[in-house]
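K.L.:
Same order as they appear, the protein sequences are chains A and L. Following our numbering, the numbering of the first sequence begins with 163 at its first residue and continues without gaps. Following our numbering, the numbering of the second sequence begins with -12 at its first residue and continues without gaps. Every residue gets a Cβ at the ideal spot worked out from N, C-alpha and C, and that includes glycine.
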Amino acid sequence: MSDTAIRRDAPQGVATKAALGHFDEAFKAQTGAALTELRQQGFDAFAAHGLPSIREEAWKYTDVRAIGKTNFALATSLHSANLDELQLDLDAYRLVFVDGVFDAERSSFDDLPEGVSLGTLSQRSELPQQFGSQLAASAGPFTALNQAFAGEGVYLEVARNVELEKPVYVLFVSSAGDQPWMSHPRVLISLADNASATLVEHFVAEQGAANFTNLVTEGTLAHGARLDHYKLNEASEQDLHVANLKVEQQGDSLFKQHNLTLGGRLVRNDIDTELNGEGGHTEYHGLFFVNGRSHVDNHTVVNHNVARTFSNENYKGILNDRGRGVFNGRVYIKQDAQQVRGYQNNANLLLSDRAEVDTKPELEIYADDVLCSHGASTGQLDEDAVFALRARGIADEHARALLTLAFAGEVLESTAIAAVAQRVERRVAGMLPDRFDLEGLVDISA
Amino acid sequence: MLEIKDLHVSIEDEDKPILKGLNLTIPKDEVHAIMGPNGAGKSTLSAVIAGKDGYEVTSGSITYEGKDLLEMEVEERAQAGILMGFQYPVEIPGVKNIYLLRAALNAKREAEGKGEIPAPEFMKLIKEKSAFMKMDSAFLQRAVNEGFSGGEKKRNEILQMLVLEPKLALLDEIDSGLDIDAMKIVAKGVNSLRSEERSIMIVTHYQRLLDYITPDHVHVLVDGRIAHSGDANLALELEKRGYDWVTEEAEA
């Protein structure tokens, strides 16, 4: 009997055995008494729903059954992994996790300015209050699952008027081996009035890694705070990756999110911002580059809950081989949230006849004095441009790589961290030989 | 340098012949103008030499420096020194002008067995050539042809020629859409290309460009063949008498 057939008969609020995957076994096998209540709460919430099914609207195009089929284990010791080629060369506060386990030796975040508190959740005597607020806000089953295995992650707290200049760089490594691992990291960011910070979540993998990462990131931006958040995903072609990002913004705060997905067998990003104060400003910059038989699903939401809030979203998809992409962008403008501006654009480039993308803008507007627009387009490389480059002596494959990179250009231009932009350039135009020194193609300073 | 023999070309997937037995020889150090009425096959000729898709060579040959040109890929032709200046230069959003120039120059140098051009040398070259074409250096940082005026696009085509130094420059209706000032700048650029080692083929409908670039030979293309050839005076005669007499002569 198929998974869906069982589910149809199951009473609501209790997931079937199949929809729990192997997570109930893993949950029972957890050791250590810490956080028992919190975890139990999380597991109960997960068990009430189970893994989402494609019969649910939000999961229509993304089948996550693969996540339930493997018996992932929690890593209890630090695995060795060679980071040399993987990590970014950044002048940053660095925290490294391998399969979810903190690697103290390769982390360094000393000399923090006054008013900045940064560290791992496992090293704190108690979890920040922020933790768990997600579940109350009717989060999905993956957030619940994350809580069921809670315990490790990162917290960043910046006090009023403090600007943290160097970025916080959190490197999550997925290691290769016989045992498939799972990790459920939680990243908590809290910026007080007029505080500012940059945080980079970077997911990398060793060749052949086949692990499951289930990330939850929560951010709160107080009045006038500014957060630049990067999520650079270079998971392996076997890695399964689910991430939930939820941010709450007060007035005059600025949140810039850069969601750059370059790897992973199955990737699902849910990004959700609540604009709760006038003058709040949200930017979503997204790029997803899908190869092989990979599947990348980006679900974004901006909730304009009050008047005079602003959002701008630009997502670009590049799909190669039999890659599959999903973009679902929801912009919600509450009644009486007047003088809101909300812009959204999604453009996709199909490099192969077998690649596919589903794009769905959702605008829900209940106020009458707003300025909103959205656009979606999907196309192929401009063959006239390919010819024009070849007619100047540039080989066909390089011409195509160059144009592909140019397509991603706008999103890269928004990337203020050069090392991040360069990594993306190299991945997207990987077929370009060295002499096509990519630096300078995209004007980072623009 | 370039020898075209009995060339027959049709539009692909259409059984419609455009070039019908065209013969043309362009030796080194000469400027040849190809003129003719609309629809005679002028643009098809330059497209086939550059290697554009969509045309089928049904018979005949094109030999370039002793090699079978039709066997060469588009980029190989460019690397071997054939460059086409487009009638309608393509906008390439996201690719900076300076990047295209460097990538193209390095591709050519690699084909010639030379190393990559050092950055300071490249910058010096680019500055000098763009100043010659009266192009502000800001153009170099902009995406190729994006938002350029018609005149700026054509000047940009010539700038690429000056930097890449082709052996055979094909200029397809380079004068179309140019005002007189822009045409003078373009003509100055083309004239500076003239050298013992280089040939230039100018495809044009109008004589006016030839007031500024004096060709060594003028050929009139009518209905897929060279119907008449002469020196620079032929262009003046065409300006006065139109194309009808050549067409009639060709039919006779």
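1. Residue ranges of each alpha helix (DSSP H) run of no fewer than 4 residues wholly in the region 220 to 299 of chain A, ordered along the chain?
2. Measuring CA to CA, which of A:N244, A:E219, A:E218 and A:A191 is closest to A237 (chain A)?
3. I'd like the span of the alpha helix (DSSP H) that includes L564 (chain A), first residue to last.
4. If you run the structure through DSSP and keep just helix, strand and coil, what is D340 (chain A)?
5. How long is the line joining the alpha carbons of A469 (chain A) and F489 (chain A), rounded to whole angstroms?
6. Counting only beta-carbon separations shorter than 8 Å, does G448 (chain A) have a partner in chain L?
7. Could you compute how far the alpha carbon of V233 (chain L) sits from the alpha carbon of E52 (chain L)?
8. I'd like the ranges of any alpha helix (DSSP H) spanning at least 4 consecutive residues and lying wholly in the region 492 to 571 of chain A.
9. Using a Cβ-Cβ cutoff of less than 6 Å, which residues in the same chain neighbour Y505 (chain A) once the five nearest sequence positions on both sides are dropped?
10. Just the C-alpha distance for K179 (chain A) and E572 (chain A), rounded to the nearest angstrom, thanks.
11. Give the interface partners of G81 (chain L) over in chain A, defined as CB-CB distance under 7 Å, in chain order.
12. Taking all protein chains shown into account, decide if G100 (chain L) is buried (16 or more other Cβ within 10 angstroms of its Cβ) or exposed.
13. List, in order along the chain, the chain A residues whose C-beta lies closer than 7 Å to that of M240 (chain L)?
14. Which residue from A:A591, A:A228, A:A243 and A:N233 puts its Cα closest to that of A188 (chain A)?
15. Using a Cβ-Cβ cut-off of 8 Å, state whether F549 (chain A) counts as contacting chain L.
16. At the 8 Å Cβ level, is K39 (chain L) part of the contact set with chain A, yes or no?
17. Would A243 (chain A) pass as a contact of S337 (chain A) if the rule is Cβ separation under 8 Å?
18. Would you say M593 (chain A) lies against chain L (beta-carbon separation less than 8 Å)?
19. Helix, strand or coil: which one does DSSP assign to P347 (chain A)?
20. Measuring only from the beta carbon, is Q500 (chain A) closer than 7 Å to any heavy atom that is part of the ligand FAD?
21. Let me see if you follow: with CB-CB separation under 8 Å, is V233 (chain L) close to chain A or not?
22. Count the other CB atoms within 10 Å of the CB of D265 (chain A); is the residue buried (16 or more) or exposed (fewer)?
23. Which residue's Cα is closest to the Cα of L466 (chain A): A:Y494, A:A583, A:V458 and A:L245?
24. Are the region 249 to 258 of chain A and the region 340 to 348 of chain A touching by the rule of at least three beta carbon pairs closer than 8 Å?
25. Do we get a CB-CB distance below 8 Å when we pair Q74 (chain L) with the residues of chain A?
26. In the DSSP output, which residue or residues are listed as bridge partners for A37 (chain L)?
27. For V77 (chain L), return the contacting residues in chain A, with the cut-off set at a CB-CB distance below 7 Å.
28. If we count the other Cβ atoms within 10 Å of its Cβ and call it buried at 16 or more, is A561 (chain A) buried or exposed?
29. How big is the Cα-Cα spacing for K138 (chain L) and L245 (chain A)?
30. Does any residue of chain A have a CB that is nearer than 8 Å to the CB of V61 (chain L)?
31. Closer than 8 Å is the cut-off here; do at least three beta carbon pairs connect the region 9 to 28 of chain L with the region 177 to 194 of chain L?
32. Which whole runs of the alpha helix (DSSP H) in the region 457 to 496 of chain A are 4 residues long or more, in chain order?
33. Can you give the Cα-Cα distance for H403 (chain A) and R286 (chain A), rounded to whole angstroms?
34. Tell me whether Y86 (chain L) sits in a helix, a strand or coil according to DSSP, three-state version.
35. Just checking my contact of P202 (chain L) with E144 (chain L) at CB under 8 Å: how many whole Å lie between their CB atoms?
36. Using DSSP with H/G/I as helix, E/B as strand and the rest coil, what is V362 (chain A)?
P.N.:
Based on what the coordinates show:
1. 227 to 231 and 295 to 298
2. A:A191
3. D558 to E575
4. coil
5. 27 Å
6. no
7. 31 Å
8. 545 to 552
9. N474 and S535
10. 45 Å
11. A568, F569 and G571
12. exposed
13. For residue 240 (chain L) there is no data in the structure shown, the boundaries of chain L being -12 and 239.
14. A:N233
15. yes
16. yes
17. yes
18. Unreliable placement is indicated for M593 (chain A), whose pLDDT of 45 sits below 50; no coordinate value is reported for it.
19. coil
20. As far as ligands go, the structure on display features none, and thus does not contain the ligand FAD.
21. no
22. buried
23. Here residue 466 (chain A) turns out to be His, not Leu, going by the sequence shown. Measuring from the Cα of H466 (chain A), the nearest candidate turns out to be A:Y494.
24. no
25. no
26. For A37 (chain L), which the question treats as bridged, DSSP gives no partner whatsoever.
27. D546, A547 and A550
28. buried
29. Looking at the sequence provided, one finds Gly at residue 138 (chain L) rather than Lys. Computed Cα separation, rounded: 52 Å.
30. yes
31. yes
32. none
33. 26 Å
34. helix
35. Actually they are not in contact, since the Cβ atoms of P202 (chain L) and E144 (chain L) sit about 19 Å apart, beyond 8 Å.
36. strand
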